[in-house]
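Here the structure comes first, spelled out in structure tokens, and everything after it is commentary.
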Amino acid sequence: MTTLKFEKRLTTPTYVKWSVPVGSLMLALAAGGVLLIAVGVNPFTAYGAMIEGAYGGRTALTETLVRATPLILTGLSVALAFRMLFWNIGAEGQLVMGGVAASGVALFLPEAAPSIPQSPWVYLPLMGLAALLAGALWGLVPALLKSSLGVNEIITTLMFNYVAILFYQYLFTDPWKDPAGFGFPGSAEFGQFAWLPRFSGRLNFGILVGVGSAVFLWLVFSKSKWGYEIALIGENERAARYAGVSVFRNIVLVMVVSAGLAGLAGFAEVSGISHKLQQGLAVGNGFSGIIVAWLAKLRPLRVIWVAILLAGLFVGGDQIQITLGLPASISQVLQGAILLFVLGGDIFSRYRLRLIRGDGS
Amino acid sequence: MTDQLPVAVRMEGITKRFPGVLANEDVDLEVRTGEIHALLGENGAGKSTLMSVLCGLYRQDEGAISLLSNGGLRRVDIGSPRHAIELGIGMVHQHFKLVRTQTVAENMIIGMDGVPFRLDMSQVAADIRELGERYDMLVDPTAAIWQLSVGEQQRVEILKVLYRGANTLILDEPTAVLTPQESGQLGSALRAMVAEGKAIVFISHKLDEVISFADRVTVLRQGRNVATLDVGSTNKHELARLMVGRELATGVPKGDRELDQPVLVVDGLEALGDRGLPALRGVDLTAMRGEVVGIAGVAGNGQQELAEAITGLRRITAGKVTVRGVDCTGKTPRQMIEAGVCHVPGDRLGVGLAGNLPVADNLAMKTYRRRPLARGPFLDRKKMGSQAKRMIDEFGVLTPGPATPARNLSGGNQQKAILAREISAGRDFESGAVLVAAYPTRGLDVGAIEAVRARIVAERDRGTAVVLISEDLDELMMLSDRIAVLHGGQVMGVVEPASTTIEEIGLLMAGERRS
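Protein sequences, first through last, are from chains A and B. Heads up: the first sequence runs through residues 14 to 374, numbered per my numbering. Heads up: the second sequence runs through residues 147 to 661, numbered per my numbering.
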């Protein structure tokens, strides 16, 4: 009798670190290929078009980076909270509140305080700060509930998403709706002083906010006392208390920064891309951020690369809908298959499969 | 004699390798039905590995296992812990594997096969009560695990194994967490089990226990089987020599000192326990500069709460804690650290260390806030590494390096690391630090115990006020200058080792107040 058994690896060899994700990707492409053949499309053509659409040429590349910008920020947001085992799955709502606050500043501050110079040098930092604070506030409530009453943060952060999304939809369909918008839902366009400068295509300074935040978090994790305390709480909360670390203070602080980063993603979206508050802010970037953080093993600098790869997957998936006329659902299935295989394959880098030949007794 | 009893388990030529370590090499072990078989050896001698092979956690690289089945021995291939349970082998681990938020009864059936869809917990509870009565190991089936003392939790683990129909029980250092009384109770429960024809393997490194509990003993040293002996035909000295491979020193010489400066003064201290009931009810205690004050008592009489209240980890409901004349009542753990109160916690991996973090990070837990490790908000990882190297060298912590996760160290070396950290933190206090050491030698092997005790005495001689909580009366008598006996959250009396007896302390522990 031969049996298969999972055994925990004591160490992960370097070749496994590379071969497992690559192998997972290959398997995912193979599984997706079966589906593509079933709907009558040559898989090689389809995958080629995906890569072309995501990374082939200037426009494709800038669009992928545009798509990556909010993913970097929400990925960082989630990575920070998860390091302390605080399960913040509310990045979506925090992003939306950040977008709302940034929009609010851009739309109403010029009228309310005309003395403030209408210059990007003034307005962009103000909008960023407002987004940071609004996101942080949205994260603060679950953090306080958790640290003082022990309320499960998974439930509260998740529920806060829906409150934020519905609030934001209410704003741009009613009170903040542009009277000159021919009845279309959406706010008025911001003045140009509230636009993040663009490099090329739609690619804007938002990506620098993301990369800068990643470097900041990297510094926190690897070079600061605070990062040490976060690691200590994440690994053993009782040991952290014993070492004199205030768990209450850190839950609040981590959550404020985590949610603030998600809020910045909202700022980058409204100020860099849409230039108004409208449909399209709550498109799941907060949830995709969880995948990004997890795939990056909660490491800030890796978050950048993972976000760009995932963004490529999204952009490429959208492209084959156009170039090959595939239904949206097919490209979403492909995206799902790739993520499923890569995330699931990770178990093989932590465990190994051993064949055990019994002697039949 | 046990010679006539049938063999229940036979392990032959077991070899198990880990990367870089040969944990077991060609080990033979034979356990008979109706016997308590001790497996004796120092930490790292391969006892736990051998038993993990038997209970299906690891697979041996070489060797064979046979079990008694239908009157004859049969070769088996134990693929998993579940398979081992099916074969009637159950293990009680040193670190309990219980779900803290669930009840005793729920823990019994977690992961069990054949649990009916519609659960009748009252039947499970009744079964537990019956088992408990049979072996005189009563626990409340409806209590949640976190409400139980360590001794009670162990009973749950043992009952769980019995409930699942084990006829071979493996107990990994079961008395490490028990009082002498609880150990005695455990011994008689084990006797009742072997009288029913069960076989028991008892992992230990305590010689007294092996002599008083076991029928036969197998000694392991450095992964090899050194000897299997009848307990009746051997003695402590022979076992110690076999186990360590050399003769041991006994006792720790202490220097003379003058007791004139009180460093820690505890006055009418009251605090609640985890269950919200009063655990400390007016404790008075003074520790002088250069003095070891032993705290004796049966487990669960306020020792842990006392340690936590002094170190700021538990809220004080009444009374005062003064350190070097400064009122420290109600201060946070951090403020107590800064006041020079060092703490070797009783729960090494649960509180004292973050197991997955590197040794260097663990050694920095008390110093990371200050220079030279800290510079403003930044932390100098290089200095953290060199600090770790210094401590590792000075305190003889055996580790592959400062980057190794603390969890991978043996129990003795984990404890040395904690001591290294706490003692180093206390050195900054010239006028005398406080060291609260809770069960510092619990679960350690003979060599490590010697080292830890010597360290504690050296700290005392250096002028630290040591509060030593221990369940080992011999240890308290050996190390303490005075011994305070706790019972029901109160100090029953303070005695001096030179002018008292174990019997007197025993009476105080039982609640007889000293007049």
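All C-beta atoms, glycine included, are put in the ideal place defined by N, C-alpha and C. Nothing here was measured: the structure is a model prediction, and the numbers come from that model.
Chain B within 7 Å of A/Leu179, Cβ atoms only
no
Just to confirm before moving on: does the CB-CB distance between A/Phe185 and A/Leu290 stay below 7 Å?
Judged by their CB atoms, A/Phe185 and A/Leu290 are nearer to each other than the 7 Å cut-off.
Buried or exposed by the 16-neighbour rule on C-beta atoms within 10 Å, applied to B/Lys512
buried
The alpha helix (DSSP H) enclosing A/Val228, as first and last residue numbers:
Run containing A/Val228: 219 to 236, per the alpha helix (DSSP H) assignment.
Does the beta carbon of B/Thr161 come closer than 7 Å to any beta carbon on chain A?
no
Going by beta-carbon coordinates alone, are B/Val592 and B/Thr545 separated by less than 7 Å?
In terms of Cβ geometry, B/Val592 and B/Thr545 do not form a close pair [threshold 7 Å].
Any idea what DSSP makes of B/Lys528, helix, strand or coil?
helix
Taking only the alpha-carbon atoms, compute the straight-line gap between B/Ser577 and B/Lys352 and give it to the nearest angstrom.
One C-alpha to the other measures close to 38 Å.
Straight-line Cα distance separating A/Ala177 from A/Thr58
41 Å
Residue environment, B/Pro262, which counts as buried when at least 16 other CB atoms sit within 10 Å
exposed
Whole-angstrom C-beta distance between B/Phe359 and B/Leu336, which should lie under 8 Å
7 Å
Give me, in chain order, the residues of the same chain whose beta-carbon lies closer than 6 Å to that of B/Thr321; leave out the 5 immediate sequence neighbours on both sides.
The residues are Ser329, Glu355.
Kindly indicate if chain A contains any beta-carbon less than 7 Å away from that of B/Met537.
False, the Cβ-Cβ gap to chain A never drops below 7 Å.
Taking Cβ-Cβ distances below 8 Å as the criterion, which residues of the region 238 to 272 of chain A are in contact with chain B?
Lys238, Trp239, Gly240, Tyr241, Ala244, Leu245, Glu248, Asn249, Arg251, Ala252, Ala253, Arg254, Tyr255, Ala256, Gly257, Val258, Ser259
Show which residues of chain B have a CB atom less than 8 Å away from the CB atom of A/Lys236.
Simply Phe524, Leu525, Arg527.
Alpha helix (DSSP H) runs wholly inside the region 539 to 609 of chain B, at least 4 long, in chain order
557 to 572, 592 to 608
Expected contact under 8 Å - CB spacing of A/Leu38 and A/Phe354 to nearest Å
7 Å
Contact residues within the region 251 to 276 of chain B, judged by C-beta distance below 7 Å to chain A
none
Between B/Ala656, B/Gly531, B/Asp318, which has its C-alpha nearest B/Leu590's C-alpha?
B/Asp318
So if I threshold CB-CB distances at 8 Å, which residues from the region 595 to 619 of chain B count as touching chain A?
none
Which residues of the region 505 to 517 of chain B have a Cβ closer than 9 Å to any Cβ of chain A? Give them in chain order.
Asp507, Asn508, Ala510, Met511, Lys512, Tyr514, Arg515
Among B/Tyr281, B/Leu294, B/Leu324, B/Thr288, which has the Cα closest to the Cα of B/Leu308?
B/Tyr281
For A/Lys18, go through chain B and note every residue whose CB falls closer than 7 Å to its CB, in chain order.
Gly225
Can you look up A/Arg211 in the DSSP assignment and give me helix, strand or coil?
A/Arg211 falls in the strand class under three-state DSSP.
Between the Cα of B/Ser212 and those of B/Gly378, B/Thr374, B/Ser194, B/Ala154, spot the shortest distance and give me the residue it belongs to.
B/Ala154
Hey, how far is the Cα of B/Arg663 from the Cα of A/Gly358?
Since the first residue shown for chain B is 147 and the last is 661, residue 663 of chain B is missing from the structure and cannot be characterised.
Within 9 Å of chain E by C-beta, residues of the region 474 to 498 of chain B in sequence order:
In the displayed structure, chain E is absent; the protein chains listed are A and B.
Whose C-beta lies closer than 8 Å to the C-beta of B/Ala251 among residues of the same chain, with five residues either side of it excluded?
The beta carbon of B/Ala251 sits closer than 8 Å to the beta carbons of Met267, Val270, Ala271, Ile274, Pro287, Thr288 from its chain, once the five residues preceding and following it are set aside; these are given in chain order.
Evaluate A/Leu98 with the Cβ neighbour count: other Cβ atoms within 10 Å of its Cβ, from every protein chain shown; 16 or more gives buried, anything less gives exposed.
In this structure A/Leu98 is exposed. Its beta-carbon is surrounded by fewer than 16 other beta-carbon atoms within 10 angstroms.
Measure the C-alpha to C-alpha separation of B/Val409 and B/Gly486 and round it to an integer number of angstroms.
If you draw a straight line from the Cα of B/Val409 to the Cα of B/Gly486, it is about 10 Å long.
Looking at the unbroken alpha helix (DSSP H) that takes in A/Thr58, where does it start and where does it end?
Residue range 56 to 68 is occupied by the alpha helix (DSSP H) that includes A/Thr58.
Compare the C-beta of B/Asn502 against all C-beta atoms of chain A and say whether one is closer than 7 Å.
Yes, its Cβ sits closer than 7 Å to a Cβ of chain A.
Tell me which same chain residues have a C-beta within less than 7 Å of the C-beta of A/Ile246, skipping the five on either side of it?
Met97, Ala253, Val258, Val260, Asn263
Tell me the DSSP secondary structure of B/Ser350 in three-state form.
strand
Segment contact, 8 Å Cβ cut-off, at least three pairs: the region 264 to 284 of chain A with the region 152 to 169 of chain A
yes
List, in chain order, every chain A residue whose beta-carbon is nearer than 7 Å to that of B/Ala520.
Lys238
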